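J.: Residue numbers (UniProt numbering): 1 to 257.
We put the CB at the ideal spot given by N, CA and C, even for glycine.
Bear in mind that the values here come from a model prediction, so they are computed numbers and not experimental data.
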Amino acid sequence: MIEILTPAEVTRARDTGALVAHILQTLKERSVVGTNLLEIDQWAKSMILSAGAESCYVDYAPSFGRGPFGHYICTAVNDAVLHGMPHDYSLADGDLLTLDLAVSLKGIAADAAISFIVGESRPAESVALISATEEALAAGIAAAGPGARIGDIAYAIGSVLTEAGYPINMDFGGHGIGSTMHQDPHVPNSGRPGRGYQLRPGLLLALEPWVMVDTDVLVTDADGWTLRSATGCRTAHTEHTIAITDDGAEILTLARG
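Set out below in C-alpha cells:
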C-alpha cells in the first residue's frame, strides 16, 4: 500500500517526527561510557509512553524476525547495523552506536536513526562511515520532491556510498511510512534515475542509508533480530522521515535546537 496523507495528517506527522528527533537526541546525550543498552531501552520506553505515543517495535513481528521484537528501540553496536536488540552490554569508549527509533503519535508514525561514537575516542574508520551515511541521506533528500521518482533518490544515495568506497546491501533500505511504520514504496540504497514510483505531495518516506566497511553480506544473531556484518567490520546507519511537499521535501525528524 502506498499512502498519501492529507494536509492535516502531515501536520500530525510533524509532531511525531519532532518527538522521534527529541527522543533520539536525548538518548544520544545520555549514552556515555558505561551506559547499558537495556538502560537506553527503558529510557526510550519512558519517553514514548509519557508523550502519549506508541512504540512501533514492541509488537513488531515481520517475517524476517523472530518476533515480536519486545523492545522500544534498536541499539546496534560496532559490527551490528540493523534491528539491534537491546541486551546486557555496557558501552565502551570508541564504540560506534546506532539508535533506530519508530513511534506512532495520533495515528501517524515516524522513523529515524542516528549513528555516533561513544566517549572521547574518534576512530577514523568510524568517523568516515558515519559521514558517508549522513552525506548519502542528504543527497537522497535533495533528490526528493514532487515529480521525482524513487530511482532518483536511490541513485543519489548510492552514488555517495559508492564514491566513498562502500559495498551496498540491497536487502534492506528505506520505505513508505504513514499510518503504519513500513509501507510501499521500497527505497533501495542504490538504483537507476528516472525509474520507479513518481513522488506526490503527501507521501511520507523513511530514507535510511547504511553501510558496512568491507562487505555487503549480513549475518543474524541468535536473538533472531540483530543483523551484523559478515566480516565483523564496523557499520553505520542514518535515517530521516521526510514528507513530499508541493515544492520539495520536508525533514520531519530533524532535531531542533
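State the start and end residues of the unbroken alpha helix (DSSP H) segment that holds MET47.
T.: 37-50
J.: If you run the structure through DSSP and keep just helix, strand and coil, what is PRO62?
T.: coil
J.: With a 10 Å radius around its C-beta and 16 neighbouring C-beta atoms as the bar for buried, classify PHE69 as buried or exposed.
T.: buried
J.: What does a CB cutoff of less than 6 Å around LEU218 pick up in its chain, not counting 5 residues either side in sequence?
T.: Non-local beta-carbon contacts of LEU218 in its own chain, meaning distances under 6 Å to residues more than five positions away in sequence, involve LEU227 in chain order.
J.: In chain order, what residues of the same chain lie with their CB nearer than 6 Å to the CB of ALA164, ignoring the 5 residues before and after it?
T.: ALA132
J.: Are the beta-carbon atoms belonging to LEU254 and PRO209 less than 8 Å from one another?
T.: no
J.: Span of the beta strand (DSSP E) holding ALA230?
T.: That residue, ALA230, is in no beta strand (DSSP E); it is neither H nor E in DSSP.
J.: When DSSP labels each residue in this structure, what does GLY140 get in the three-state scheme?
T.: helix
J.: Nearest to ASP59 by alpha carbon, out of THR215, ILE141, SER104?
T.: SER104
J.: Going by DSSP, name the residue or residues bridged to ALA243.
T.: LEU204, GLU250
J.: Count Cβ pairs between the stretch 37-53 and the stretch 79-91 that sit closer than 8 Å; are there 3 or more?
T.: yes
J.: Under DSSP, the alpha helix (DSSP H) around HIS22 begins and ends at which residues?
T.: 7-30
J.: Tell me which residue opens and which closes the beta strand (DSSP E) that SER159 is part of.
T.: First-last for SER159: 150-163, but that is the alpha helix (DSSP H), not the beta strand (DSSP E).
J.: Tell me the rounded alpha-carbon separation between ASP79 and SER55.
T.: 25 Å
J.: Note down, in chain order, each residue of its chain lying with its Cβ closer than 8 Å to the Cβ of GLY194, except the 5 sequence neighbours on either side.
T.: ARG149, GLY151, ASP152
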